[in-house]
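When we follow the numbering used here, the leftmost residue of the sequence shown carries the number 1347, and every step to the right adds one.
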Amino acid sequence: YFTSSRPQTPEGNTKVLQTGNDNTVAISKKATPFINDIYFWRQEGGVRGAAIKRPAGTEFAAATFTPDGSRMYFTAWKTEDVVKKYEIWTTSKRSDNTWGDPVTVSTTLNGSGNNKQPFVTPDGKFIVFASDRSGGMGRYDLWYAPLRSDGTTGQATHMGNTINSAGDEEAPYYNAVSKKLRYSSNGMVGMGGFDFFESRGDFVSWAKPVNMGYPFNSSKDDIYFTSTNAIGSEGYISSDRESLCCLELFAVKMETITIKGVLTDCKTEKPVPNATVSLNSAEDSYTATTDDMGMYLFKVASRKPVTLKFEATGYFAKSVNYTTGELARADTLITADNCITPFKVNVPIVLKNIYFEFNSAE
């Protein structure tokens, strides 16, 4: 699914006016040119048309979906006297796999001001959006609200002055695996216009946002990131860096490194299955479970030093550090086999003598 501004017939949004073998667009006098709408695309058939039945005079954009794909949230707006009024709408998927009639979301999201660009977190717990409602720091700020199983939302909460600025913060994206919020801002120091920024957090606290730099950002507007893999290292962005007027779609792919290895029992040297392996660095945080052969694997988008922590029932936990130099040598780091030591329950552990300086507890 994607948003596009293209000509449509006066009868509705199901047919894009085209003519000729070169797919040039012909706009008739009866057509309303360049209407924003949500389209769907399949690789085997190309653009199929608009996804939702759109009421006359209303435009749609920026779709997001619940984890099971049964519900869509998106931005809807009307323009009256050159003023646009933005709201968040929703629609549910029918049994025949088409989308039902769209309706506005609860007043907790649309109660005041303009509200747009919703994003449903991958676990389905929250919906993050941009709003210029009162209580913010600048023009558009990022807010979030709990998302209930029936599609309704709880009270909206401002995401704070670490994330927001005196300018505009828009188009949020949150990766639950890396716990990174990626969004666009024109109120922080950047390369120009809207730039992508990234902050790590969990909706309780957030790290200071970091500008994602070139070539992710440009001297023009860069906005609307969406991921196509679990760690957020590949996806699409919208940018007008090569356009005189409008946003266009660009594919992005960040350089990644694979970290993999085998976890064994230090005494038997046999693999340890179902162990928890945690990877932590200044930028990333991931968790994996070893398979039947004790193997674990991570794909990370950073070459910063990392710490691997190994935990399993009946074993002492163990942490191992890897430096930037080790991570910079290849696209894949195959760690030496790490082992963890088993312990016996209800058996005393004998500690070695601890010696102190005379008349000191240090």
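Just so it is clear, CB atoms sit at the ideal spot from N, CA and C, and this is done for glycine as well.
- The stretch 1611-1629 makes contact with the stretch 1637-1650: 3 or more CB pairs, one atom from each, lie closer than 8 Å.
- Residue pairing for Pro1617: DSSP places it in a beta bridge opposite Thr1610.
- DSSP places Asn1456 outside any beta strand (DSSP E); the residue lies instead in the alpha helix (DSSP H), whose first and last residues are Thr1453 to Asn1456.
- Burial of Cys1685 is indicated by the presence of at least 16 other C-beta atoms within 10 angstroms of its C-beta.
- Distance from the CA of Thr1450 to the CA of Gly1500, rounded to the nearest whole angstrom, comes to 15 Å.
- If the five residues before and after Ser1624 are omitted, its C-beta is found closer than 6 Å to the C-beta atoms of Thr1633 and Lys1655, all from its own chain and listed in chain order.
- Out of Phe1472, Met1537, Arg1417 and Asp1447, the CA that lies nearest to the CA of Met1505 is found in Phe1472.
- For Pro1448 and Ser1441, the gap between their C-alpha atoms comes out near 16 Å.
- Following the DSSP letters along the chain, one finds Arg1440 in no beta strand (DSSP E), marked with neither H nor E.
- Excluding sequence positions up to five before and after Leu1595, its CB lies within less than 8 Å of the CB of Phe1348, Tyr1582, Ile1583 and Ser1584, all in the same chain and listed in chain order.
- A Cβ-Cβ separation of about 6 Å places Ser1480 in contact with Ser1458 under the 8 Å criterion.
- A contact is defined here as three or more CB-CB pairs under 8 Å, and the stretch 1561-1580 meets this definition with respect to the stretch 1530-1544.
- Here Asn1563 carries a coil assignment [DSSP, helix/strand/coil].
- In the three-state DSSP reduction, Lys1399 falls in the coil class, being neither helix nor strand.
- C-alpha of Gly1446 to C-alpha of Trp1387: approximately 18 Å in a straight line.
- Asn1557 and Pro1651 have their C-alpha atoms roughly 20 Å apart.
- For Trp1423, the uninterrupted beta strand (DSSP E) run begins and ends at Arg1417 to Glu1426, by DSSP.
- For Trp1489, the enclosing beta strand (DSSP E) has its first and last residue at Asp1487 to Pro1492.
- The C-beta of Lys1462 has 16 or more other C-beta atoms within 10 Å across all chains shown, which makes the residue buried.
- Here Thr1450 carries a strand assignment [DSSP, helix/strand/coil].
- Met1641: member of the beta strand (DSSP E) spanning Met1641 to Val1646, first to last residue.
- For Asp1541, the enclosing beta strand (DSSP E) stretches over residues Asp1541 to Arg1546.
- Between Tyr1419 and Pro1468, the C-beta spacing is not below 7 Å.
- Taking a C-beta distance under 7 Å as the contact criterion, Ala1408 and Thr1421 qualify as a contact pair.
- With a contact defined as Cβ atoms closer than 8 Å, Gly1482 and Asn1510 qualify at about 7 Å.
- In chain order, Gly1607 place their CB closer than 6 Å to the CB of Thr1681, counting only its own chain and leaving out the 5 sequence neighbours on each side.
- For a cut-off of 8 Å, the C-beta gap from Asp1683 to Thr1610 is around 6 Å, short enough to register as a contact.
- Distance from Glu1580 to Lys1599 at the Cβ level is roughly 5 Å; contact confirmed, criterion being Cβ atoms closer than 8 Å.
- Lys1526 is the residue among Lys1526, Phe1540 and Ser1564 whose C-alpha sits nearest the C-alpha of Val1550.
- As the crow flies, the alpha-carbon of Phe1540 is around 18 Å from that of Asn1507.
- Take the alpha-carbon of Ala1517 and the one of Phe1411: they are about 14 Å apart.
- Of the residues assessed, Ser1495 falls on the exposed side of the cut-off, its CB having fewer than 16 other CB atoms within 10 angstroms.
- Taking the Cα of Leu1593 as reference, the smallest distance to any Cα among Ala1396, Ser1564 and Ser1545 is reached at Ser1564.
- Within the model, the alpha-carbon separation for Thr1436 versus Arg1417 is close to 7 Å.
- In the DSSP assignment, the residues bridged to Ile1686 are Asp1611.
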